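Here the structure is laid out as C-alpha cells; the discussion comes afterwards.
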Amino acid sequence: MRLRALLENDALGLRLLGGEDELDRTVRGVMTTDLKDPSRYLSGGELVLTGLAWRTDPADAEPFVRILASAGVAALAAGEAELGDIPDDLVEACSRHRLPLFAVNESVAFATITEHVVRQVSGERAGDLAAVVDRHRRLMTSGPAGGGPEVVLDLLGSDLDLRAWVLSPTGRQIAGAGEPLDTGLAATLAGEHLAATRTGRRGPHRLSVAGTAYSLFPIRNTGRGAAPASRDVRETVLSDWLLAVEADAGDWPAARLDLLQGVTQLIAVERDRRDAARTVRRRLAQEVLELVQTGAAPAEIAARLRVAAPVLLPGLGTAPHWQVVVARVEWDQEAGQSPVDTGPVAQSLLEEVLVDPAAVGAESADRIAVAHSGDEAIALVPLATGPLPESEDEGPAPALGLHADALLASVRAPLSAGLDGDGRLTLGVSAAVASAEGLRGALEEARHARRVAAARPGRVCAAGHHELASHVLLLPFVPDDVRRAFTARLLDPLRDYDRRHRAELIPTLEAFLDCDGSWTRCATRLHLHVNTLRYRVGRIEQLTGRDLSRLEDKLDFFLALRMS
7 MRLRALLEND
17 ALGLRLLGGE
27 DELDRTVRGV
37 MTTDLKDPSR
47 YLSGGELVLT
57 GLAWRTDPAD
67 AEPFVRILAS
77 AGVAALAAGE
87 AELGDIPDDL
97 VEACSRHRLP
107 LFAVNESVAF
117 ATITEHVVRQ
127 VSGERAGDLA
137 AVVDRHRRLM
147 TSGPAGGGPE
157 VVLDLLGSDL
167 DLRAWVLSPT
177 GRQIAGAGEP
187 LDTGLAATLA
197 GEHLAATRTG
207 RRGPHRLSVA
217 GTAYSLFPIR
227 NTGRGAAPAS
237 RDVRETVLSD
247 WLLAVEADAG
257 DWPAARLDLL
267 QGVTQLIAVE
277 RDRRDAARTV
287 RRRLAQEVLE
297 LVQTGAAPAE
307 IAARLRVAAP
317 VLLPGLGTAP
327 HWQVVVARVE
337 WDQEAGQSPV
347 DTGPVAQSLL
357 EEVLVDPAAV
367 GAESADRIAV
377 AHSGDEAIAL
387 VPLATGPLPE
397 SEDEGPAPAL
407 GLHADALLAS
417 VRAPLSAGLD
427 GDGRLTLGVS
437 AAVASAEGLR
447 GALEEARHAR
457 RVAAARPGRV
467 CAAGHHELAS
477 HVLLLPFVPD
487 DVRRAFTARL
497 LDPLRDYDRR
507 HRAELIPTLE
517 AFLDCDGSWT
527 RCATRLHLHV
537 NTLRYRVGRI
547 EQLTGRDLSR
557 LEDKLDFFLA
567 LRMS
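Residues in the sequence shown are numbered from 7 upward in steps of one, following our numbering.
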C-alpha cells in the first residue's frame, strides 16, 4: 500500500507534518518502537510508530531519524499522547532526511493503525501472488505465437494495469499496447538502457522522465546467433531490444519481477522468429555483394537483382533503383583485451538504422537487405522510383532515396550512449543507381563516403555521395601533423592578435571569404564601415604575409579554416 492511502482513511487519525513529495512510497509492514536505536529490527519499507519515549533531549531526534532513514523505512508516525504537539526538532530532522512524518491523534491507538496496515499489506501480497500465478499461465499460453508481442503487452495492461512497449536499441517502437510512445521519450529510454548496460548495471534499469517513472528490462537474444553470456557486452548492446514499463519496479515483489522476466523471454522468442525470417534477405544481399566485389558480369548481377526485387519490394512490377549504405562499428582496443567481432553488430544495427524511425513494428524492416564482410556491414536498399536520367541532356538526377544526415538524426543520441566513449559508428551512403552496372561504383562511393565520416569528430557520423564531389573529400586524408602545421602557420598569428586586442580578425576573415571577397557585402554582414573592414583585412595580410587579392592566398586561408 502507499503512504497516501493512510491519509485518506480518517479513522486512523493521521496528520501529515512533512514529506508531501514522498507520499507514493510503498508500505511493506509496520513496527512500533521506543528504542533509541531500532535498526536491528528494521528491514526497510516499514511504517514506524513511536510514542517518543526515547526522546529525553532535542539532540536525540537527529540520530534517531538518521537510523530510520538509513534503514529505508517508509515513514515515521509519532503519537501526540506523550508530549502533545510533535517537537520541532523531530520535524526538522525528518525534513533533512526526507522522511515523511505523521502525527497520530492521541485518541487513536497504535494497535488500530497496525491492524489496518497489516490487513492491507497481507491482502495485497496474497492477491498479487495468486494473480501472478494465473497471469503467468495465461502469458505462456498466449505468447507471441498467438499474435505477437502485442498480445503479451495487452495482458500486462488489462491484468496488471501496466503500460509497456518493446523498443529497438535506437528507440523505435517494435510493439506496444494502446497509444504509441512519444518518439523523443522512446529515444531517451533507449539511450538510458544502452548506457546502463554498458556500465554493467543489472536490469531492470529505473529512471524518471518528466515526473513519470519507467523501468527498462533487457530482452536478450536467445536464438542460434546469440552470444554466450561470457562474451563482451559490446557485441550485443547495440542490437538487443528492451521492454519499457511505465512503473517503478524498485518496490515490486520477486514474483512480479519474475513475471516480467518471463515476458521478456516470450518476446525474445518472437524476435528469434523474425530474425530467422531475415535470413533470406541477408543471403540475397550477400550473394549480390560477392558478385559485385568479384567483378561478375553485369548480366549475372542483374539476374540476381531480379530475384531480390520481389522479395524486398513485393508487387512492385518493375525493377527498382538501388542504393548502397556501408556501416562500420569500431571500438577502442586496450592492451590485453580480446577483439570484438563487429561485423554482425554493424549488420544488425544497420538493419535498424535504415528503418523509418516513425515506423511501428518489426515488419517495417522487412525490405532491408544487409550483408557483412569482415567488420563492414553493407546494405542493398531498393528504391521504388521513377527512371533516372541517362544523360546530361536530361538534367541532373533527382534527389532519390536515403540521405546521410537524415539517417542518423533520430538515433544519434541513444547510440552515442551505447557507444559510451569508446566506440564509433560511421556510415557512408551512395547515390541511387538504376542498373547492375552501377552497383560496383555505388559500393565504392559508399565506402569512400564512410571514410569521410570516419575522419570527423563524434561517436556517430555519416557522409553522403554528394560530399565526394567537394574539397571535403581531400581534407580528411591530409596527415594530422601536416594539417596542424599548415593551419598554425596561417591562423595562429591571427588568433594571438585576437586574444590580445579582441580584434575579431578570424571572424572577419571567414566572412570575407564567404562573401567571395566582396567589400560591400562583407561590411554589411559584419555591420562595419567599409574602411573598418579594409583596416582589418590589411592587418590580416600584415600578420600573415599573405595577399587576400590573390586567389592562391584566398584558397590557402579557406582550407586552413576548414581544417582547423
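Glycine residues also receive a C-beta, built at the ideal position from the N, C-alpha and C atoms.
Here the structure is a predicted model, which means the values were calculated and not measured.
C-beta atoms of H409 and A437 nearer than 7 angstroms = Counting from 1 along the sequence shown, the entry for residue 409 is found at position 403. Counting from 1 along the sequence shown, the entry for residue 437 is found at position 431. Against a cut-off of 7 angstroms, the Cβ pair of A437 and H409 comes out as no contact.
What's the call for V243, buried or exposed, on a 16-neighbour Cβ count within 10 Å?
-> The count along the sequence shown starts at 1 and reaches residue 243 at position 237. Per the 10 Å Cβ criterion, buried.
Per DSSP, the bridge partner or partners of C467 | The residue you call residue 467 lines up with position 461 of the sequence shown. For C467, which the question treats as bridged, DSSP gives the partners T432.
Roughly how many angstroms separate the alpha carbons of W337 and G464, rounded to a whole number?
-> Against the sequence shown, residue 337 aligns to sequence position 331. Against the sequence shown, residue 464 aligns to sequence position 458. Roughly 13 angstroms separates the two Cα atoms.
What's the call for Y541, buried or exposed, on a 16-neighbour Cβ count within 10 Å?
-> Locating residue 541 in the sequence shown gives position 535, counting from the first residue. Its Cβ having fewer than 16 others within 10 Å, Y541 is exposed.
Start-end ranges of the alpha helix (DSSP H) lying completely within the segment 55–100, minimum 4 residues | 67–77
To which residues does DSSP link T194 through a beta bridge?
-> As a working note, residue 194 is residue 188 in the sequence shown. Looking at the DSSP assignment, T194 forms no beta bridge with any residue, so it has no partner.
Buried versus exposed, by CB contacts within 10 Å (16 or more), V332 = Here residue 332 refers to the residue found at position 326 of the sequence shown. That one is buried.
Kindly indicate which residue of F108, E52, A80 has the alpha-carbon position closest to the one of L13.
-> As a working note, residue 13 is residue 7 in the sequence shown. Of the candidates F108, E52, A80, the one whose C-alpha sits nearest the C-alpha of L13 is F108.
If we ignore side chains and look at the alpha-carbon of each, how far apart do L74 and D27 end up?
-> Residue mapping note: residue 74 aligns to position 68 of the sequence shown, counting from 1. Residue mapping note: residue 27 aligns to position 21 of the sequence shown, counting from 1. Their Cα atoms are separated by approximately 18 angstroms.
Helix, strand or coil at L159 [DSSP, three-state] | By 1-based counting over the sequence shown, the position of residue 159 is 153. Here L159 sits in helix by DSSP.
Enumerate in chain order the residues of its own chain whose CB-to-CB distance from T432 is below 6 angstroms, with the five nearest sequence positions on each side excluded.
-> Locating residue 432 in the sequence shown gives position 426, counting from the first residue. Around T432: R334, R456, A459, A460, C467.
Proximal residues to A99 (C-beta, below 6 angstroms), its chain only, five neighbours per side dropped | One-based indexing of the sequence shown puts residue 99 at position 93. Result list for A99: A67, E68, V71, in chain order.
Ignore the nearest five residues each way along the sequence and tell me which others in V97's own chain have a CB closer than 7 angstroms to its CB.
-> Here residue 97 corresponds to residue number 91 of the sequence shown, with the count starting at 1. If we look at V97 and ignore the five residues flanking it on each side, its Cβ neighbours are L23, G24, L107.
Compare the Cα-Cα distances from A377 to each of V439, A469, P304, V286 and report the closest residue.
-> As a first step, residue 377 is located in the sequence shown; it is residue number 371 there, counting from the start. Residue V286 is the option with its Cα nearest to A377.
Report yes if the CB atom of F223 is closer than 7 angstroms to the CB atom of L173, and no otherwise.
-> As a working note, residue 223 is residue 217 in the sequence shown. As a working note, residue 173 is residue 167 in the sequence shown. Against a cut-off of 7 angstroms, the Cβ pair of L173 and F223 comes out as no contact.
Report the partner residues of L213 according to the DSSP bridge assignment.
-> Residue mapping note: residue 213 aligns to position 207 of the sequence shown, counting from 1. Its beta-bridge partners are Y220.
Is A115 buried or exposed, if buried means 16 or more other CB atoms sit within 10 Å of its CB?
-> Counted from its first residue, the sequence shown places residue 115 at position 109. That one is exposed.
Considering only the beta carbon of each residue, do A255 and P210 sit closer than 7 angstroms?
-> To locate residue 255, count along the sequence shown from 1; it is residue 249. To locate residue 210, count along the sequence shown from 1; it is residue 204. Closer than 7 angstroms, so yes.
Spatial distance of D246 from A412 (CA atoms) = Here the question's residue 246 lines up with position 240 in the sequence shown. Here the question's residue 412 lines up with position 406 in the sequence shown. Looking at the two C-alpha atoms, the distance is approximately 23 angstroms.
Burial state of T205, where buried means 16 or more other Cβ atoms lie within 10 Å = The residue labelled residue 205 in the question sits at position 199 within the sequence shown. Exposed, because fewer than 16 other Cβ atoms sit within 10 Å of the Cβ of T205.
Drop a sphere of 10 angstroms on the beta-carbon of Y220, count the other beta-carbons inside from all chains shown, and report buried for 16 or more, exposed for fewer.
-> To locate residue 220, count along the sequence shown from 1; it is residue 214. Buried, because 16 or more other Cβ atoms sit within 10 Å of the Cβ of Y220.
Classification of A383 by the beta-carbon crowding that lies within 10 angstroms, buried from 16 upward = Counted from its first residue, the sequence shown places residue 383 at position 377. Buried: at least 16 other Cβ atoms inside 10 Å.
Helix, strand or coil at E400 [DSSP, three-state] | Position 394 of the sequence shown, counting from 1, holds the residue named residue 400. At E400, the pLDDT of 43 sits below 50, so the modelled position is not reliable; the number obtained from the coordinates is stated separately. E400: helix per DSSP, three-state reduction.
Please report how far the alpha carbon of A65 lies from the alpha carbon of A260, in whole angstroms.
-> Within the sequence shown, numbered from 1, the residue matching residue 65 stands at position 59. Within the sequence shown, numbered from 1, the residue matching residue 260 stands at position 254. About 40 angstroms.
With DSSP as the reference, please indicate the residues paired to H327 in a beta bridge.
-> Looking up residue 327 in the sequence shown gives position 321. DSSP, once it has assigned bridges, lists L389 as partnering H327.
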